[in-house]
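Numbering (my numbering), first residue to last: 3 to 475.
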Ligand code: 4AD
Ligand code: MG
């Protein structure tokens, strides 16, 4: 059984024999001593191996040592001792080492101590071998685990919603199409048949699903069907958006956590969202301490303090109308002038959370024109029971709402928006049979990771980012 480096490092050094497997980070040599830092990604820290020629090194091991450069994969055996050197508490007085795979010093790209994140994005298949991306990967794992814990502790059932769908949840038309039609051939045939371009339409009856199908932008519509059977459910999976936003906060493929609760009204939804965010940040503060301290020191000074502050600060609740009033007081300060009816821009979210309320803010009751069709309409005829959770230093982390549970009101709104009711018959059935008040929200998993790691670009908190014009690997 191979012991992970994190488990070796938590042992008491009593001269016990240990086997270390991992990738060499650095190798340094004096006349008689060879020092090596080996990392296996199980924790941030590397383990130090020390070879002492005065104590004798066998010929096999000398041969192996001569082949080792940064990046080589190795297996070493030695004894665990208290380190006489500074910088580490423990080290391995190594006796033997074997090399699984060399890494040519001429071509292996990870030679320097620090590489730019832009460069590392081009070698995303190797970047998890750096301190920063190893820490991001461990943090991602921990936060996913925390998500499940939070919901499982509260009686929620995890439901797997489909990735291929025929309905546009957000109604924004930002979906990637899924088809097996041969586009090239369709065009050729249309030209051969001298079709009239004004009337020609693709025949989806010939397509794989017998109709136009897409990658989902959100699992919400499907998760609602399970909420009206199991009461409290959540989905956690990849979602896809073909929006052309080249920002540091948008991905074309991102993971979203979407809880949906029957019998919850907007106030209950806000309460759950607040406790969810606090739970996740507390988890990061306690379960990911070593990595968090690394981010705090190397990536974003003040990160830990900021997270602690958010955890301790009750989330302010304001309506969209109040928020716009606040913003209008400082209209001159914004590039995008705020007015009632505008979508809140990130400069506005920043101002509300960082300047006005100095903490997280939940904005509710947005104008219906800027929100999706499924949100519950208020009696004023102008606003809907929407809620966005905004956090200082990031902006929107959660979007959600109470859902329209009245069949006539929902049909009216869908008609106004020109949605094709045929595609949503099953969604409308939920309002037709045993309808209940219900609410839910979506938390962008990579937005959360940006927040807890202090990383600046969302491309650096997912293993293989997909963004406009970029889908390498
Ligand atoms: O506000 P959104 O669009 O809400 C929904 O999709 C709802 N159907 C959720 C629900 O009520 N079940 O997206 C939810 C969250 C945002 O607040 C943001 O954190 C994240 O998903 N998000 C993105 N993250 C990365 N890249 C993108 N392009 C994102 N778009 C949204
Ligand atoms: Mg949103």
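Yeah, the Cβ is synthetic: ideal placement off N, Cα and C, and Gly gets one too.
The residue from 49, 99, 51, 41 with its alpha-carbon nearest to that of residue 130 is 41. Judged by pairs of C-beta atoms under 8 Å, the segment 83-92 does not touch the segment 113-126, as fewer than three such pairs exist. Around the beta-carbon of residue 419, fewer than 16 other beta-carbon atoms lie within 10 Å, marking it exposed.
At a cut-off of 8 Å, the beta-carbon of residue 398 counts as near the ligand MG: some heavy atom of the ligand is closer than that.
Look at residue 225: its beta carbon is less than 8 Å from one of the heavy atoms in the ligand 4AD. With contacts defined by Cβ atoms closer than 9 Å, residue 444 and residue 113 do not form a contacting pair. Excluding residues up to 5 positions away in sequence, 469, 470 lie with their Cβ nearer than 7 Å to the Cβ of residue 248 in the same chain.
Counting along the chain, the unbroken alpha helix (DSSP H) around residue 191 starts and ends at 185-194. Residue 416 sits away from residue 475, with the two beta carbons spaced by 9 Å or more. The C-alpha of residue 10 lies about 23 Å from the C-alpha of residue 66. Within a 10 Å sphere around the beta-carbon of residue 238 sit 16 or more other beta-carbons, which makes this residue buried. Using a C-beta cut-off of 8 Å, the segment 48-64 makes no contact with the segment 103-113, since fewer than three inter-stretch Cβ pairs fall below that distance.
Comparing C-alpha distances from residue 327 to each of 316, 310, 346, 309 shows the shortest one belongs to 346.
Taking 8 Å as the cut-off, one finds at least one heavy atom of the ligand 4AD near enough to the beta carbon of residue 442. Unbroken beta strand (DSSP E) stretches of 3 residues or longer found wholly inside the segment 226-286: 234-242, 255-264, given in chain order.
Excluding sequence positions up to five before and after residue 192, its CB lies within less than 7 Å of the CB of 202, all in the same chain and listed in chain order.
Following the DSSP letters along the chain, one finds residue 342 in no alpha helix (DSSP H), marked with neither H nor E. In this structure, the beta-carbon distance from residue 442 to residue 230 does not fall below 9 Å.
The Cβ atoms of residue 348 and residue 339 do not sit closer than 9 Å to each other. Spatial neighbours of residue 29 in its own chain (CB-CB distance under 6 Å, excluding positions within 5 residues in sequence) are listed in chain order as 38, 70. Straight through space, the alpha carbons of residue 76 and residue 57 are spaced by roughly 21 Å.
When the Cα atoms are used, residue 425 and residue 414 turn out to be separated by approximately 15 Å. Residue range 133-155 is occupied by the alpha helix (DSSP H) that includes residue 149. Residue state for residue 33 is assigned as coil, using DSSP reduced to three classes. Residue 121 carries a helical assignment under DSSP once its states are collapsed to helix, strand and coil. In this structure, residue 48 places its C-beta atom within 9 Å of the C-beta atom of residue 7. Residue 16 has its alpha-carbon roughly 38 Å from the corresponding atom of residue 302.
Taking each of 438, 95, 170, 325 in turn and checking the Cα distance to residue 234, the smallest one comes out for 438.
Setting aside the 5 residues that flank it on each side, residue 180 is surrounded in the same chain by 166, 215, 216, 217, each with a C-beta closer than 7 Å to its C-beta; the list follows chain order.
In the structure shown, residue 350 falls within a helical segment according to DSSP collapsed to helix, strand and coil.
For residue 308, the uninterrupted alpha helix (DSSP H) run begins and ends at 305-314, by DSSP. Short of 7 Å from the beta carbon of residue 13, and not among the five residues preceding or following it, lie these beta carbons of its own chain, in chain order: 82.
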